[in-house]
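Under our numbering, the residues of the sequence shown are numbered 19 to 404, in order.
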Amino acid sequence: MKNFKLPMVALATSLLIFSCQNKDSEDLNEVIPQETATIKAEEAFPALSGTTETLYYGTSKMNVEKVNDMYVLDGDILFDANQLTQSPSEVGAPSPIETLGRSVGRTGGRWRNNTVHYSIESSLANQRRVTDAIAHWERNTALRFVPRTNQSDYIYFRTGSGCSSFVGRRGGRQDINLATGCTTGNTIHEIGHAVGLWHEQSRKDRDTYVNINFENIVDGRSFNFQTYVQQGNDGNEYTSALDFGSIMMYGPTFFSKNGKATIEKKDGSSYTVQRDGLSAGDIQGINRMYPPSTSGVNCNGVAAYVNGRSYAIGSRVIFQGSLYERVSGGWNNLGVCGTAPSTDICSGVAAYVSGRSYAVGSRVTFQGSLYERVSGGWNNLGSCGS
Ligand SMILES: [Zn+2]
């Protein structure tokens, strides 16, 4: 939940030493390769192709496809025209609407109190898809989906030309569009976007695990295969490795123009894509984004936000009962202030030792945060004491 960049720099020396050594020991081949042609890419407008434009979300530059009056990222991720600007725009105060409304990879744009309000368009066909998908999320995560009464922020499941969603809580009504062909599994996937997940192959470390075969991608769709970093979005990884079984993972031939693989494993083999339900890795990541504990985050000693004051990146403030951290391009909502949780995630974890070699999966404490060694870097798992 914290910015990943500063500790990365501090730990860079050791990373250079052993990032190559661990490559051979990574276990990436648990999935038996097989054809999964029946599962199609989620697309907002399958019958239409738009024009690619470079626009800004806050200070972040991103390539999006314009179709009708909507902007589409990665095929099924929606942005409103009024969310994007022609030039970088400054970031204002943290507010429910201004707070990284686009959400990010696997961070930011959170729903408060693990609660998502929603309503369903009365004319939407096969509403069982929605209720089954919601039941699946509630069975497997700490998120709760509550029918909206008068809440201002909510998901609206409606009929659309494809399957699509915004990423993260954006403030106000946000649509999940479902064409008749969108399955319960597709709906689980779109809810994943709405609660803050990017596509799994958008991870910034994905090149460790997969080859992207750009020569096989439909013309004009290459930007669907960029990492969230390349797309100009900030984010974080909440699991230690790319999860081929993630419901947020593209299939091997998604957006292929010639039937050949657009994504393959590093060794050139294929993999299985699924839209049955959340994977163990999906659940692990969501549990870090939406911890099952309801005790809230520790806001002790943090000052209230002051309107008009300039805040450096890394600054923390309290605003409307929630803890916010200033990140590049906005404010990251770290959660509702509450009593300090009883368990410290750093309990029993040794401090990082400069120059020591750490295997993937090792955990250390460093500058008050818990880190896990992942391929190619360290994953910040959060602040000690939380
Ligand atoms: Zn998607």
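We put the CB at the ideal spot given by N, CA and C, even for glycine.
Contacts around residue i, its chain only, beta-carbon distance under 6 angstroms, and the 5 residues preceding and following it disregarded
{"i": "Arg239", "result": "Phe273"}
{"i": "Asp193", "result": "Tyr174, Arg176"}
{"i": "Arg128", "result": "Asn351"}
{"i": "Phe63", "result": "Val85, Ser179, Gly180"}
{"i": "His154", "result": "Ile206, Gly295"}
{"i": "Ala369", "result": "Thr383"}
{"i": "Glu208", "result": "Cys181, Ser183, Ile194"}
{"i": "Ser140", "result": "none"}
{"i": "Arg310", "result": "The sequence shown places Pro at residue 310, not Arg. So the list reads Ala160, once near-sequence residues are dropped."}
{"i": "Ser220", "result": "Thr245, Tyr246"}
{"i": "Asp150", "result": "Thr202"}
{"i": "Ala65", "result": "none"}
Contacting residues, own chain, Cβ-Cβ under 7 angstroms from residue i (five flanking each side not counted)
{"i": "Asn204", "result": "Glu60, Cys181, Arg293"}
{"i": "Gln169", "result": "His135"}
{"i": "Cys402", "result": "Asp362, Ile363, Cys364, Thr383, Gly386, Ser387, Leu388"}
{"i": "Glu282", "result": "Val228, Asn229, Asn231, Pro270, Ser288"}
{"i": "Asn397", "result": "Glu255, Ser258, Tyr389, Glu390"}
{"i": "Glu156", "result": "Arg162, Phe163"}
{"i": "Arg15", "result": "In this structure the chain extends from 19 to 404, so residue 15 is not present and cannot be described."}
{"i": "Asn158", "result": "Leu296, Ile301"}
Residue i - DSSP class collapsed to helix/strand/coil
{"i": "Phe272", "result": "coil"}
{"i": "Ala369", "result": "strand"}
{"i": "Gly178", "result": "coil"}
{"i": "Val148", "result": "helix"}
{"i": "Glu156", "result": "helix"}
{"i": "Ile301", "result": "helix"}
{"i": "Asn325", "result": "coil"}
{"i": "Arg334", "result": "strand"}
{"i": "Asn397", "result": "strand"}
{"i": "Arg188", "result": "coil"}
{"i": "Asn168", "result": "coil"}
{"i": "Arg293", "result": "coil"}
{"i": "Arg374", "result": "coil"}
{"i": "Arg306", "result": "helix"}
{"i": "Arg128", "result": "coil"}
{"i": "Leu410", "result": "There is simply no residue 410 to check, as the chain begins at 19 and stops at 404 in what is shown."}
{"i": "Gly339", "result": "coil"}
{"i": "Ile265", "result": "coil"}
{"i": "Asn68", "result": "It is Gly, not Asn, that sits at residue 68 in the sequence shown. It is coil, neither helix nor strand."}
{"i": "Phe63", "result": "coil"}
{"i": "Leu142", "result": "coil"}
{"i": "Asn409", "result": "Only positions 19 to 404 of the chain appear in this structure, which leaves residue 409 out of reach."}
{"i": "Leu102", "result": "coil"}
{"i": "Lys58", "result": "coil"}
{"i": "Asn318", "result": "coil"}
{"i": "Ser183", "result": "strand"}
{"i": "Lys283", "result": "strand"}
{"i": "Cys402", "result": "coil"}
{"i": "Cys355", "result": "strand"}
{"i": "Gly277", "result": "coil"}
{"i": "Ile363", "result": "coil"}
{"i": "Ser288", "result": "coil"}
{"i": "Glu48", "result": "Because the pLDDT of Glu48 is 24, which lies under 50, any placement of that residue in the model is unreliable, and the number read from its coordinates should be weighed accordingly. It is coil, neither helix nor strand."}
{"i": "Ser380", "result": "coil"}
{"i": "Gly348", "result": "strand"}
{"i": "Glu390", "result": "strand"}
Residues of its chain near residue i, where Cβ-Cβ distance is below 8 angstroms and the 5 sequence neighbours each way are ignored
{"i": "Lys275", "result": "Asn234, Ile235, Val236, Asp237"}
{"i": "Ala321", "result": "Val335, Ile336"}
{"i": "Val380", "result": "The sequence shown places Ser at residue 380, not Val. Contacts found: Glu390, Arg391."}
{"i": "Gly326", "result": "none"}
{"i": "Tyr460", "result": "Here the chain comprises residues numbered 19 to 404, so residue 460 is not present and cannot be evaluated."}
{"i": "Thr201", "result": "Arg147, Arg293"}
{"i": "Ile15", "result": "With the chain represented from 19 up to 404, any question about residue 15 goes unanswered, as that position is not in the structure."}
{"i": "Ala279", "result": "Asn231, Asn234, Pro270, Thr271, Ser288"}
{"i": "Leu142", "result": "Val148, Phe175, Arg176, Thr177, Leu196"}
{"i": "Val367", "result": "Arg381, Val382, Thr383, Leu388"}
C-beta neighbour in chain D for residue i, strict 7 angstroms
{"i": "Glu218", "result": "The question asks about chain D, but that chain is absent: this structure has only one protein chain."}
Residue i Cβ short of 6 angstroms to ligand 3 heavy atom set
{"i": "Leu215", "result": "Ligand 3 is not part of this structure, which contains only ligand 1."}
Strictly closer than 5 angstroms from CB to any heavy atom of ligand 1: give me those residues in the order they appear in the chain. Glu60, Asp94
Entirely enclosed beta strand (DSSP E) segments - the stretch 191 to 260, minimum 3 residues: 191 to 196, 228 to 230
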